[in-house]
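When the letters of the sequence shown are read in order and numbered with the working numbering, they come out as residues 704 to 865.
Even glycine gets a Cβ: it sits at the ideal position worked out from N, Cα and C.
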Amino acid sequence: MSSAQKNLSQVEGSNIPNGKGMRIGIVLSEWNSEITGALFDGAVKTLVENGVSKDDVIITTVPGSFELTLGSQFLCEDKSIDAVIALGCVIQGETRHFDFICDAVAQGITNVSLKYNKPVIFGLLTPNTMQQAQDRAGGKHGNKGDEAAVTALKMVALKKGL
704 MSSAQKNLSQ
714 VEGSNIPNGK
724 GMRIGIVLSE
734 WNSEITGALF
744 DGAVKTLVEN
754 GVSKDDVIIT
764 TVPGSFELTL
774 GSQFLCEDKS
784 IDAVIALGCV
794 IQGETRHFDF
804 ICDAVAQGIT
814 NVSLKYNKPV
824 IFGLLTPNTM
834 QQAQDRAGGK
844 HGNKGDEAAV
854 TALKMVALKK
864 GL
């Protein structure tokens, strides 16, 4: 889905469900807060623009991206929450730490989603550089927080429609 030429957050030819009455949890990593804050702002803006009440956006923070999985599980334990959006950013460094964290978060979020039968949206940026992160957190490639919010709305609508 990545492209150097395109704002990836533009949703084309796709209907975004109305989020009225949906309760969406957001778990936000405090690490790389410049980036995660921008992702968060995009997600909340998109949710509210599509009918979710600000009072129905439940927010919690965790120290880093590794903790997104357990933070997501804590939110999923609340039966009134329809979906969880996990937002974080891990920037490639000189060691394999990046690989271990990204793999663990991806697997953990998948496991939590399946365990609770709720959408848990993978909003973890995994760029090589800070510039790439900025480009995807409200920069020239859009905002992955927006995309995560749209995905949450679509998945909740899918579940409710079945």
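- By the neighbour-count criterion, in which 16 or more other beta carbons inside 10 Å mark a residue as buried, residue 739 falls on the buried side.
- Annotated three-state conformation of residue 814 is helix, per DSSP.
- By the CB criterion at 8 Å, residue 805 and residue 732 fall outside the cutoff.
- Straight-line spacing of the CA atoms in residue 748 and residue 849 works out to 8 Å.
- The Cβ atoms of residue 722 and residue 754 sit closer than 8 Å to each other.
- In the DSSP annotation of this structure, residue 825 is not part of any alpha helix (DSSP H); the continuous beta strand (DSSP E) holding it starts and ends at 823–828.
- Using a 10 angstroms sphere on the CB of residue 828, the tally of other CB atoms reaches 16 or more, which defines it as buried.
- Nearest to residue 813 by C-alpha distance, out of 788, 794 and 796, is 788.
- Between residue 762 and residue 729, the C-beta gap is smaller than 8 Å, which places the two residues in contact.
- For the pair residue 776 and residue 831, the CB atoms are not nearer than the 8 Å cut-off.
- Within the model, the alpha-carbon separation for residue 790 versus residue 803 is close to 17 Å.
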